[in-house]
Amino acid sequence: MLGVLGTIQNFRLVIMSEEGKQMHALAEELFPICRSITGEGVRGTLHRVACEIPIVIHDVPSGTKVHDWVVPDEWNIRDAWIRGPNGQKVVDFKKCNLHVVGYSSPISSMMDLSELRHHLYSLPENPDWVPYRTGYYNHSWGFCVAQREIDLWEDGIYQVFIDAELSAGFLTYGELVVSGQTCEEFLISCHVCHPSLANDNLSGIVVAVALARHLLARPGRLTVRFLFIPGTIGSITWLALHGDVVPRIKHGLVLTCVGDRGGATYKRSRRSTATIDRVMNYIFQEVGLIERVLDFVPYGYDERQYCSLGYNLPIGVLSRSTHGSFPEYHTSADNMGFITEDALSDTLNKAICAIEMIEANCIYKNLKPMGEPMLGKVGLYDKGGGGRSGQFGELAMLWVLSLSDGTVDLLSIAERSKIPFPEIVGASLALEQAGIIRRS
Ligand code: ZN
81 MLGVLGTIQN
91 FRLVIMSEEG
101 KQMHALAEEL
111 FPICRSITGE
121 GVRGTLHRVA
131 CEIPIVIHDV
141 PSGTKVHDWV
151 VPDEWNIRDA
161 WIRGPNGQKV
171 VDFKKCNLHV
181 VGYSSPISSM
191 MDLSELRHHL
201 YSLPENPDWV
211 PYRTGYYNHS
221 WGFCVAQREI
231 DLWEDGIYQV
241 FIDAELSAGF
251 LTYGELVVSG
261 QTCEEFLISC
271 HVCHPSLAND
281 NLSGIVVAVA
291 LARHLLARPG
301 RLTVRFLFIP
311 GTIGSITWLA
321 LHGDVVPRIK
331 HGLVLTCVGD
341 RGGATYKRSR
351 RSTATIDRVM
361 NYIFQEVGLI
371 ERVLDFVPYG
381 YDERQYCSLG
391 YNLPIGVLSR
401 STHGSFPEYH
411 TSADNMGFIT
421 EDALSDTLNK
431 AICAIEMIEA
441 NCIYKNLKPM
451 GEPMLGKVGL
461 YDKGGGGRSG
471 QFGELAMLWV
481 LSLSDGTVDL
491 LSIAERSKIP
501 FPEIVGASLA
511 LEQAGIIRRS
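Residues in the sequence shown are numbered consecutively from 81, following the working numbering.
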């Protein structure tokens, strides 16, 4: 319990510099890997994660029907380039894996620049950046290039080469269950399907790893399940194959874009008043960021699947800058310089705080509701008269006694009384130990 008191009281101040460094270093190591929704890049990423925490790596065969979708063929790429009229490479996949549109078909061909242009993607508004594009279900090919580079290309015949393979294989994902004292589950989900993009995918992965490490060392009341999955098809696949687990999920967070310099953001679950929504609301209010708590919209990351009508799970999104709201989004500018140790640490701290708050958020029943119980008899009434007793004041106890009718949780008592949640928790624990209230 000191954990929750300490975390909440200090979470403005706590800078877990060592954790921040470790998370940033792991992201740096994973950065060069060319990931996609399937293939060796995801597998390599998960194997590296498995060196940090004991995830289980699952393979779901291509062609598996998952709700309205089918697990796609596996895509792997070995090399790709474009050579200009003088034979020089003007684009090289080995220098930047964003250069090739994800799931591009293989090609080896000569073509005129005017024809090649139909397969080029650039960002004229940010001419030095390479965009990130995918075409999972297009059966086409393309290259992403900085506009400033394209502007230098002369007319003539270009040689285009993509050595890629699309064939039956597997969709791979990683899963870790940190068992708690109950089978009530908290789901942490992050996507692992983007190539060299730091904020969009790597930040979520490294915060999830650090959070898992923290919980493995200190398991609590909740069982926490971690999913490292390819976006969209990964969550749909997991949901379709885990109908037995889904009912146990009572809370959850999608971790995405959690490392940039923008302040923290929370996007509510579709339910909007689930415990995770209320806890996040409380945390953001405490740190003066209540305007960064956003309503649910059915767009974004894997919350789209978890919160889809048929599931409607109580899962929100913890992020920094939101989906698509920053110019670096899905470009080569979302690089390692775009994410910071402090932002990763702050996100980790908020996720830990949310889990600890939910674990501490009990419902009690006052066993002596007829008049006030005589607190002095059990040593809970401050001798100075109405003062503070250790971590909590008398008023906190009176609020717990007043509202604990077996239906009201401690968070509601903190909200209504305007007394800090840790103080309400401390007061309720003291009253429980004195036999005056009981968990219901
Ligand atoms: Zn993305």
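Using N, Cα and C, we set each Cβ at its ideal position, and we do this for glycine too.
The closest CA to that of residue 188, considering only 231, 494 and 239, is found on 239. For the pair residue 288 and residue 266, the CB atoms are not nearer than the 8 Å cut-off.
The DSSP assignment places complete alpha helix (DSSP H) segments of no fewer than 4 residues inside the segment 236-320 at 283-297, in order along the chain. The segment 216-226 makes contact with the segment 173-193; the number of CB pairs closer than 8 Å reaches 3 or more.
For residue 127, the enclosing alpha helix (DSSP H) covers residues 120-132. In this structure, residue 340 has its beta carbon at no less than 7 Å from each heavy atom of ligand 1.
Look at residue 212 here: in three-state DSSP terms it is coil, with no helix or strand label.
Counting other Cβ atoms within 10 Å of its Cβ, residue 131 stays below 16 and is therefore classed as exposed. A straight-line Cα-Cα distance of about 30 Å links residue 495 and residue 403. Checking the DSSP bridge columns, you'll see residue 167 has no partner listed. Between ligand 1 and the CB of residue 280, the shortest heavy atom gap is smaller than 7 Å.
With a cut-off of 7 Å, the C-beta of residue 147 is classified as distant from ligand 1, since no heavy atom of the ligand falls inside that distance. Shown here for residue 370: same chain residues with a beta carbon closer than 8 Å to its own, the five before and five after excluded, namely 361 and 364 in chain order.
In the DSSP assignment, residue 223 forms a beta bridge with 180 and 200.
Membership of residue 335 in the beta strand (DSSP E) is indicated by the continuous run 329-335. Taking 8 Å as the cut-off, the Cβ atoms of residue 401 and residue 342 count as close.
In this structure, the alpha-carbon of residue 280 lies about 20 Å from that of residue 155.
In terms of CA proximity to residue 230, 164 leads the group 285, 164 and 125. Contact between the segment 428-442 and the segment 288-302 is established, with three or more Cβ pairs separated by less than 8 Å. CA-CA distance, residue 484 to residue 458, rounds to 19 Å. Counting the other CB atoms within 10 Å of its CB gives residue 168 a total below 16, which places it among the exposed residues. With contact defined as three or more Cβ pairs closer than 8 Å, the segment 101-113 and the segment 140-149 are not in contact. Pairing residue 509 with residue 502, the inter-Cα distance amounts to about 11 Å.
The beta carbons of residue 225 and residue 251 sit about 29 Å from each other, so the pair does not count as a contact at 8 Å.
The segment 472-482 and the segment 339-356 do not touch, with fewer than 3 CB-CB distances between them shorter than 8 Å. Between residue 308 and residue 254, the C-beta gap is smaller than 8 Å, which places the two residues in contact. Excluding its 5 nearest sequence neighbours in each direction, residue 472 has C-beta neighbours in its own chain below 6 Å: 503, 506 and 507, listed in chain order. In this model, residue 166 and residue 408 are separated by some 33 Å (Cα to Cα).
Remark: the shortest separation between the CB of residue 294 and any heavy atom of ligand 1 does not fall under 7 Å.
A residue is called buried once 16 or more other Cβ atoms fall within 10 Å of its Cβ, and residue 195, having fewer, is exposed. Of the heavy atoms belonging to ligand 1, none sits nearer than 7 Å to the Cβ of residue 104. For residue 477, the enclosing alpha helix (DSSP H) covers residues 474-483. Residue pairing by DSSP places residue 346 opposite 373 and 398 in a beta bridge. Excluding the 5 residues flanking it on each side, residue 394 has same chain C-beta neighbours closer than 6 Å at 331, 349, 351, 354 and 356, in chain order.
Annotation for residue 444: the continuous beta strand (DSSP E) segment containing it runs 443-446. The residue among 286, 262 and 191 with its C-alpha nearest the C-alpha of residue 421 is 286.
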